[in-house]
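Everything in the sequence shown is counted per the working numbering, starting at 146 for the first residue and increasing by one. From the three backbone atoms N, C-alpha and C, an ideal C-beta is built for every residue, glycine too. Source: prediction; values computed, not measured.
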Amino acid sequence: MAQKKGSGDSTPVIIKKYANRRLYNTQSSKYITLDYLAELTRKDVEFKVVDAKTNEDITHSVLTQIIMDEETGGQRMLPVSFLRQIIAL
């Protein structure tokens, strides 16, 4: 079962991203979507996305991709002032 942040077991769900861009949940043994990862994030479930070939942690880029997809779909997630602050870092 997936673990929420702050629960007793802090082992994150491992998601593998393959070269064909498919995402695989190693815990449930099912292919998943970015929308599913967005939902896990909203439910405060810890997960880690790794490149299936190199085992490199790519969670940051996948979360950024989720934000971009939602923004492109018309849902404004981040105010312009916040985006400017991030860029200025």
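Which of helix, strand or coil DSSP assigns to residue i
i	result
Ile235	Because the chain in this structure spans residues 146 to 234, residue 235 falls outside the shown range and cannot be described.
Ile212	helix
Asp180	helix
Leu234	coil
Leu168	strand
Gly219	coil
Any non-hydrogen atom of the ligand MN closer than 7 Å to residue i Cβ
i	result
Arg166	You won't find the ligand MN in this model; it holds no ligand whatsoever.
When the options are compared against residue i, the one with the closest alpha-carbon
i	options	result
Leu185	Asp202, Val158 and Met222	Val158
Pro182	Val207, Ala197 and Phe227	Residue identity check: residue 182 is Leu in the sequence provided, not Pro. Minimum Cα distance to Leu182 is reached at Val207.
Tyr163	Thr178, Ser155 and Ile212	Thr178
Phe192	Thr199, Thr171 and Leu228	Thr171
Contacts around residue i, its chain only, beta-carbon distance under 8 Å, and the 5 residues preceding and following it disregarded
i	result
Ile215	Strictly speaking, residue 215 in this sequence is Glu, with Ile absent from that position. Once the five neighbours on either side are set aside, the close Cβ partners of Glu215 are Ala183 and Met222.
Cutoff 7 Å; reference residue i; Cβ partners in own chain excluding five residues on either side
i	result
Asn165	none
Ile203	Lys162, Val194, Val195 and Asp196
Residues that residue i bridges to, as DSSP identifies them
i	result
Asp196	Lys162
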